[in-house]
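Colleague: Can you keep this structure in mind? I'll have questions shortly.
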Amino acid sequence: MQKEPITLSFDAIVIGGGIAGGEAALNMANNGYKVILIEKRLSLGGKMIMLSKVFPTLDCSACITTPKVSEISRHPNITIFTESDVTSVEKKGEKNFIAKVTRRPRYVVAEDCTACQLCEQACPVIVKDQFQYNLVGRKAVYIPFSIASPKVAAIDIDNCSLCGACEKVCPPGCIDFTQKPQDYIINAKTAIVATGFKLYDPSNVPRYNYGEAKNVITSMQMERLLAPTRPFHTILRSSDGKVPDKIAYVLCAGSRDDSLGNPICSQICCMYSIKQAQLLMGALPMADITLYYIDIRAFGKGYDEFYEQAVGMGVRFVKGKVGRITEKENGNLTLRYEDIATGKLKESEHDLVVLSVGVKPNSEPADIFTSHKLELDSLKFVKQSDPLLSPAKTTIEGVFVAGTATGPKDIPDSILSAGAASTEAISYLNQ
Ligand SMILES: Cc1cc2nc3c(=O)[nH]c(=O)nc-3n(C[C@H](O)[C@H](O)[C@H](O)COP(=O)(O)OP(=O)(O)OC[C@H]3O[C@@H](n4cnc5c(N)ncnc54)[C@H](O)[C@@H]3O)c2cc1C
Ligand code: SF4
Ligand code: SF4
Numbered sequence: 000m001q002k003e004p005i006t007l008s009f010d011a012i013v014i015g016g017g018i019a020g021g022e023a024a025l026n027m028a029n030n031g032y033k034v035i036l037i038e039k040r041l042s043l044g045g046k047m048i049m050l051s052k053v054f055p056t057l058d059c060s061a062c063i064t065t066p067k068v069s070e071i072s073r074h075p076n077i078t079i080f081t082e083s084d085v086t087s088v089e090k091k092g093e094k095n096f097i098a099k100v101t102r103r104p105r106y107v108v109a110e111d112c113t114a115c116q117l118c119e120q121a122c123p124v125i126v127k128d129q130f131q132y133n134l135v136g137r138k139a140v141y142i143p144f145s146i147a148s149p150k151v152a153a154i155d156i157d158n159c160s161l162c163g164a165c166e167k168v169c170p171p172g173c174i175d176f177t178q179k180p181q182d183y184i185i186n187a188k189t190a191i192v193a194t195g196f197k198l199y200d201p202s203n204v205p206r207y208n209y210g211e212a213k214n215v216i217t218s219m220q221m222e223r224l225l226a227p228t229r230p231f232h233t234i235l236r237s238s239d240g241k242v243p244d245k246i247a248y249v250l251c252a253g254s255r256d257d258s259l260g261n262p263i264c265s266q267i268c269c270m271y272s273i274k275q276a277q278l279l280m281g282a283l284p285m286a287d288i289t290l291y292y293i294d295i296r297a298f299g300k301g302y303d304e305f306y307e308q309a310v311g312m313g314v315r316f317v318k319g320k321v322g323r324i325t326e327k328e329n330g331n332l333t334l335r336y337e338d339i340a341t342g343k344l345k346e347s348e349h350d351l352v353v354l355s356v357g358v359k360p361n362s363e364p365a366d367i368f369t370s371h372k373l374e375l376d377s378l379k380f381v382k383q384s385d386p387l388l389s390p391a392k393t394t395i396e397g398v399f400v401a402g403t404a405t406g407p408k409d410i411p412d413s414i415l416s417a418g419a420a421s422t423e424a425i426s427y428l429n430q
């Protein structure tokens, strides 16, 4: 039987627990405001917590994200709901928002789970691990990843065979198949949207052969292969587990192309590709790495020097648009491209190809706000009502936006915009 909704009240509701949402919640909480942070996945941290290192400093992403996430999780003014959906937000008047939120069951009593992973070892069901971008498998009961927050097991009930093996081995006995979704009614005086971005799905472009040729992967999959919390302890290609020695990057994969429905520059792809190339040169010193690019857009502070550093390390840059990727019998890939320097069509062979996929909008927030219209811009990112003077304002007064929900941004810009959104929200509360 569905339980009755629980009503809770806060100063602010922040939707999206990536780095932008977390930072906005933390700023408000540090100023004495009570905040509820809603994340739809099992862990906070968004994409940043899954990255390897960050450009241009090459600081370890996990080492920066984990203390921040831990500060957010322990803050007395922040309540966190993970694995939760905001089904609607209604504006009843100034400083009066009512949100309906559903917390999905984990089928594990979170407070009792010690993250011992004995359930994982006992579970016989193996499915693809979406947190490792399908590079490896996971069990039906699992801890999302080693630095997940909260670090608590959850059961993927759609794939669970209900065999009960996890229940038998769990020392505190915290597996609970009777858990049901719990609805909440949240009263809040302001809202911050920090729902982030989506990655371009390269299987929409048949000429890249993604999903067909095993050794064509995305840049996010390469982030996982390079990360300290990586699934293997080296870089392996998917078809045969070989350590690659001739790696190609295809930049602007699904960006700056009207015919693919994504006319914009994703801003981050040049820089993360250059970062990954440098990390690969460290991990595989003998490897030959080539970046096929349209333009290198190294726009930020220290970014051009970072590019020059890659050139100096021996990364090869070829100005050319890749037309087709075909798979050979041995799993190697042939890239057909137009070499802009000579104007000739050329072919080259690589044993691993990384698609530097672009940024797509997450337009979900438009459907969440029911009484007033949260407008999107022409590209379907959240519209900024005053992009020059108050970039955190949306088309609903009292609702602010942080991070990549408004368009592509790197981490420093996402954090800056979270600062702007939380400051605007505080001013609104003090009006
Ligand atoms: C391959 C790759 C490498 C990168 N490398 C770097 C780098 O080296 N340096 C750098 O500065 N930047 C890098 N970036 C960019 C960086 O990932 C982003 O700047 C950053 O993740 C933006 O944070 P965000 O919080 O705005 O969005 P996200 O990280 O997308 O977080 C949004 C969060 O909101 C949640 N959410 C979404 N919709 C809802 C909803 N309806 N309800 C509740 N929750 C919701 C999501 O689950 C997610 O947790 C890289 C990006 C990629 C793809
Ligand atoms: S009950 Fe489900 S989660 Fe538990 S061990 Fe069996 S298949 Fe795995
Ligand atoms: S066995 Fe129990 S305590 Fe250990 S991780 Fe699994 S659910 Fe948590």
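Each step along the sequence shown adds one to the number in numbering that gives the first Met the number 0, with nothing skipped, and position 397 is 396. All residues carry an ideal CB built from backbone N, CA and C; glycine is no exception. Since we're looking at a predicted model, the values are computed, not measured.
From 429, 92, 113 and 44, pick the residue whose C-alpha is nearest to that of residue 79; which is it?
Modeller: Answer by Cα proximity: 44.
Colleague: Ends of the alpha helix (DSSP H) at residue 115?
Modeller: Here residue 115 belongs to no alpha helix (DSSP H), and DSSP marks it neither H nor E.
Colleague: If distances are taken between C-alpha atoms only, which option among 339, 353 and 335 comes closest to residue 345?
Modeller: 335
Colleague: Are at least three pairs of beta-carbons, each pair with one atom in the segment 308-327 and one in the segment 63-73, less than 8 Å apart?
Modeller: no
Colleague: Applying the 10 Å Cβ sphere with the 16-neighbour rule, what's the burial state of residue 304?
Modeller: exposed
Colleague: Would you identify the three-state DSSP class for residue 59, choosing helix, strand or coil?
Modeller: strand
Colleague: Give the single residue among 83, 84 and 42 whose Cα lies nearest to the Cα of residue 64.
Modeller: 42
Colleague: I'd like the list of long-range same chain contacts for residue 423, defined as Cβ closer than 7 Å, with 5 residues on each side in sequence excluded.
Modeller: 389, 391, 392 and 399
Colleague: Find out if the Cβ-Cβ distance for the pair residue 249, residue 347 is shorter than 8 Å.
Modeller: no
Colleague: Looking at ligand 3, does it come within less than 7 Å of residue 116, judged from the CB to the closest heavy atom?
Modeller: yes
Colleague: Thinking just about the alpha-carbon of each residue, which of 101, 419 and 360 is nearest to the one in residue 387?
Modeller: 419
Colleague: Residue 261 by DSSP, collapsed to three states: which one?
Modeller: strand
Colleague: Under the rule that 16 or more other beta-carbon atoms within 10 Å means buried, what is residue 149, buried or exposed?
Modeller: By the beta-carbon neighbour count (other beta carbons within 10 angstroms, threshold 16), residue 149 is buried.
Colleague: What is the rounded straight-line gap between the Cα of residue 397 and the Cα of residue 100?
Modeller: The C-alpha of residue 397 lies about 19 Å from the C-alpha of residue 100.
Colleague: Please state whether DSSP places residue 168 in a helix, a strand or coil.
Modeller: helix
Colleague: Helix, strand or coil: which one does DSSP assign to residue 151?
Modeller: coil
Colleague: So is the beta-carbon of residue 127 under 7 Å away from any non-hydrogen atom of ligand 5?
Modeller: Absent from the structure shown: ligand 5. Ligands present: ligand 1, ligand 2 and ligand 3.
Colleague: In three-state terms, what does DSSP make of residue 382?
Modeller: Correct three-state label for residue 382: coil.
Colleague: Taking only three categories from DSSP, how would you classify residue 417?
Modeller: helix
Colleague: Is it a yes or a no for the segment 150-158 touching the segment 111-120, going by three-plus beta-carbon pairs under 8 Å?
Modeller: yes
Colleague: At a threshold of 7 Å, does residue 139 count as lining ligand 2 (C-beta to nearest heavy atom)?
Modeller: yes
Colleague: Kindly examine ligand 3 and report whether one of its heavy atoms sits closer than 7 Å to the Cβ of residue 113.
Modeller: yes
Colleague: I need the straight-line Cα distance from residue 126 to residue 144, nearest angstrom please.
Modeller: 15 Å
Colleague: Out of 407, 88, 4 and 333, which one is the CA nearest neighbour of residue 182?
Modeller: 4
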